[in-house]
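The working numbering numbers the first residue of the sequence shown as 17 and each following residue consecutively.
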Amino acid sequence: MKPTELMKGFLIKSIMEILKRDFDIKSPTPTNLMVTYENGIWSVFYKSNLMMIDFSNYESIKNLIKEIENKPIYEKMWL
17 MKPTELMKGF
27 LIKSIMEILK
37 RDFDIKSPTP
47 TNLMVTYENG
57 IWSVFYKSNL
67 MMIDFSNYES
77 IKNLIKEIEN
87 KPIYEKMWL
């Protein structure tokens with residue numbers, strides 16, 4: 017498993033909590049969440065009804081990504 021795939025799993029779990037807490041999405045589902053990593057850039061999208069919402073530039077999401085990227089890979093396994 018690539019570190020980015022491992023990070024993606026941690027991000028999805030944590031982003032679900034951020035969506036509930038900061039964006040008033042009552043019960044987000046992982047199937048509606050799209051997290052991608054291309055050319056060194058993480059993108060976070062959430063599909064809600066008929067629209068896609070880009071959460072990539074929200075401060076809480078950017079801080080979470082920085083926090084996870086800065087942890088050694090063995091620490092990430094225990095998050």
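Where a beta carbon is used, it is the ideal one built from N, C-alpha and C, also for glycine. Predicted model, so just to flag it, every value in this text is computed and none were measured.
Extent of the continuous alpha helix (DSSP H) to which residue i belongs
{"i": "residue 97", "result": "The structure shown does not extend to residue 97, since the chain is modelled only from 17 through 95, so no value can be given for it."}
Opening and closing residue of the beta strand (DSSP E) in which residue i lies
{"i": "residue 40", "result": "Residue 40 -> no beta strand (DSSP E), and no H or E assigned at all."}
{"i": "residue 59", "result": "57-64"}
{"i": "residue 52", "result": "49-54"}
Rounded separation between residue i and residue j - CA only
{"i": "residue 36", "j": "residue 29", "result": "11 Å"}
{"i": "residue 75", "j": "residue 68", "result": "18 Å"}
{"i": "residue 56", "j": "residue 62", "result": "20 Å"}
{"i": "residue 53", "j": "residue 42", "result": "26 Å"}
{"i": "residue 45", "j": "residue 23", "result": "18 Å"}
{"i": "residue 86", "j": "residue 32", "result": "20 Å"}
{"i": "residue 27", "j": "residue 80", "result": "8 Å"}
Identity of the residue in the options nearest residue i by Cα
{"i": "residue 40", "options": "72, 58, 59, 64", "result": "64"}
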